[in-house]
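Heads up: the sequence shown begins at 350 in the working numbering, then just goes up one per residue. Data first, discussion second: the structure below is written as structure tokens.
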Amino acid sequence: MAIHWFRRDLRLHDNTALALATQNCEQVIGLFILDPTLLDNPKTCPARVGFMYSSLAELASSLADRGGRLIIRRGKPVEELRKVFRETGANRLYFNRDYTTFARKRDERVESELTKDGIEVVTCKDLVIFEKEEILNGSQAPYRIYGSYKRRWLIEVGRNLPPEQRLRTGSLKIENNDLKKLKSLDMPRIPGDFERTYFMPAGEKTGLKRLEEWAQTKTAKPKKEPDILDYAASRDLPAQDGTSQLSVWLRFGVVSPRQCYRVALDAREQAGHKDEREGCDTWVSEFIWRDFFYQLTWNFPFVATESFQPKFRKLAWETNNKLFKAWCEGQTGFPIVDAGMRQLNSIYWMHNRVRMITAGFLAKDLLLDWRLGERYFWEKLVDYDQPANNGNWQWAASTGADSQPYFQIFNPTAQGKKFDPTGDYVRRWVPELAKVPAKYIHSPEKMPAEIQKELGLVIGKDYPLPIVNHTEAQERTLQAYRAASRG
């Protein structure tokens, strides 16, 4: 008999460890442990918790449909696992690997302690397509340059992508009365904040449906929204629904990354021209970036708290709580930045292009430590994924592996004009600017007084003036990075 410990794999389809358990064992019981270390932090994003609980409820229902059960316990993983093994008499534990520093320490302890108890522990790769040290350079060292990693990734995926992992569902069916009576907590209450997100309902069925609709091409019903074939052209435009918005399903493993790659290949085969193939290829590149950041987290765990590049670990960041508060609240006077932060605060999600703009603004315009922003995103993002979030923040701050050069500094006004040319995104999330003409939507401080009067809008009162001068901020930032580079 085996226990499958669900963590970041809240699904039945293409679940590597679960499938292996059902193939090797006559009886498999599903277990989820509510870890107070993670859940009792008051800063933990309530919408993220809500998505997890909602997905758990569907998982429990799916197991019940197959005659099985999802046992829910609360406590320290080692202690709860030991209790379940004593109560069931099971002798094997299966789970899919996780890669953050917290997860590594937890899982190493679980494996060590349960092995002492005579339990066989089986772990599998599932959360990513390539993990740890599967893709190494010619010196057998981890890649630090994304372009080189990507080229190798594309070679290896053609050789080593496994087929979909299928369950032997008979193993999930519970007929033993004692196992049927096994103690389990009630399903946790879903926080009301989850209802404010774009991601209702959660769960495997919705995730697979979203993936199917995103990847549908010629067989789809008349197209109304962008799909995977449009991705290269539409992904950077926050006023459009030009992304799959599957990130939170991937974050909790409710959708398999391998399944996503397979449907991208299928869509590419149906693509009619170069631009459509580019859409599929660009979407696949997001998964390569994801694996790249995950292997960095595994091989260089210090990146969770330190800059990857040693020369920037002593960079002289500013300390200004007033500026940080303005950034958090979307009150910077730069409309594209404020729209992004208000979207985040409202629905616990932000468009990816705007994440890059807001991150660059914090690090390069305000010269505030990127770790402040990374922490705030942890508190707010429904799809927060530590390796990817950390990697993208260090990329924007020019402190990470293969990040943008430190002298590349986004002009937030120019970014707004480029990616939100009509201002529709800004008007949606910054309602006080809803009637501002397109000419001034990204620089409302330049709007003539007579137009402000006509609109009943006073810049500096109803909407803030820019909290920094971009040109001056850029020079200050360059000086700080140059000084750090010289040591």
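Note that beta-carbon positions come from the ideal geometry of N, C-alpha and C, so glycine has one too. Note that this is a predicted model, so its numbers are computed, not measured.
Who are the near neighbours of Val470 in its chain, counting only those whose CB is closer than 7 Å to its CB and skipping five residues on each side?
Leu442, Glu460, Leu463, Thr464
Could you please give me the residues that DSSP links to Thr365 through a beta bridge?
In DSSP, Thr365 forms no bridge with anything.
Excluding sequence positions up to five away, which residues of its chain have a Cβ less than 6 Å from the Cβ of Ile637?
Lys499, Trp502
So, under 8 Å CB-CB, Leu419 and Leu412 are touching, yes? Tell me the CB distance rounded to an integer number of Å.
5 Å
Starting from the C-beta of Ser596, find all residues in its chain whose C-beta is less than 7 Å away, skip the five residues before and the five after it, and write them out in chain order.
By the criterion of a C-beta distance shorter than 7 Å, Ser596 is surrounded in its chain by Asp732, once the five residues flanking it on both sides are discounted.
Taking Thr681 as the reference, give the member of Asp624, Tyr774, His791 with the closest Cα.
His791
Counting only runs that start and end within the stretch 399-445, where is the beta strand (DSSP E) found for 3 or more residues in a row?
Fully enclosed beta strand (DSSP E) runs of no fewer than 3 residues occupy 419-423, 441-445 of the stretch 399-445, in order along the chain.
Count the other CB atoms, across all protein chains shown, that sit within 10 Å of the CB of Ala750; report buried if there are 16 or more and exposed otherwise.
buried
With the cut-off set at 8 Å, would you say Arg559 and Ser593 are in Cβ contact?
yes
Check whether the stretch 355-366 and the stretch 598-610 are in contact - that is, three or more C-beta pairs closer than 8 Å.
yes
Span of the beta strand (DSSP E) holding Ala351?
351-355
Going straight from the alpha carbon of Pro511 to that of Leu645, what length do you get?
Straight-line Cα distance between these residues: approximately 23 Å.
Measure the alpha-carbon distance for Lys660 versus Tyr830 and round it to whole angstroms.
9 Å
Applying the criterion that 16 or more other CB atoms from any shown protein chain within 10 Å of the CB defines a buried residue, is Thr330 buried or exposed?
Beyond the ends of the chain as shown, which are 350 and 836, falls residue 330; an answer cannot be given.
To the nearest angstrom, how far is the alpha carbon of Ile378 from that of Leu578?
Approximately 40 Å, taken between the alpha carbons.
Return helix, strand or coil for Leu717, following the three-state DSSP convention.
The answer is strand: DSSP assigns Leu717 an E or B state.
Going by alpha carbons, who is nearest to Tyr755 out of Glu824, Glu627, Met549?
Glu824
Among the residues of its own chain, which have a CB less than 6 Å from the CB of Val633, if the five just before and after it don't count?
Ala613
For the candidate residues Pro793, Thr472, Trp666, Arg662, whose alpha-carbon lies nearest to that of Gly836?
The alpha carbon of Gly836 has as its nearest neighbour, out of Pro793, Thr472, Trp666, Arg662, the alpha carbon of Arg662.
Return the first residue and the last residue of the alpha helix (DSSP H) that Phe636 is part of.
For Phe636, the enclosing alpha helix (DSSP H) starts and ends at 623-648.
Among the residues of its own chain, which have a CB less than 8 Å from the CB of Pro815, if the five just before and after it don't count?
Thr681, Gly682, Phe683, Glu794
If you follow the beta strand (DSSP E) that Phe381 is in, where does it begin and where does it stop?
377-383
Starting from Glu469, follow the beta strand (DSSP E) in both directions and report where the run begins and ends.
469-473
Do you know how far the Cα of Met350 is from the Cα of Ala746?
49 Å
Considering only their Cβ atoms, is the gap separating Ile484 from Tyr492 smaller than 8 Å?
yes
Inspect the beta-carbon positions of Pro537 and Tyr725 and report whether they are closer than 8 Å.
At least 8 Å separates the beta-carbon of Pro537 from that of Tyr725.
In whole angstroms, what is the alpha-carbon distance linking Asn694 and Gln589?
19 Å
Is the beta carbon of Ile382 less than 8 Å from the beta carbon of Gly424?
yes
In whole angstroms, what separates the C-alpha of Glu655 from that of Asn669?
20 Å
Touch check for the stretch 614-624 and the stretch 522-537: three-plus C-beta pairs under 8 Å?
no
Pull up the distance between the alpha-carbon of Arg691 and that of Asp773, whole angstroms please.
14 Å
Quick one: using the 10 Å Cβ neighbour count with 16 as the cut-off for buried, is Arg356 buried or exposed?
buried
Whole-angstrom Cβ separation of Arg340 and Val433, contact assumed at under 8 Å?
Residue coverage of the chain in this structure runs from 350 to 836, which leaves residue 340 outside it and unanswerable.
CA-CA distance, Arg517 and Ile696?
Take the alpha-carbon of Arg517 and the one of Ile696: they are about 39 Å apart.
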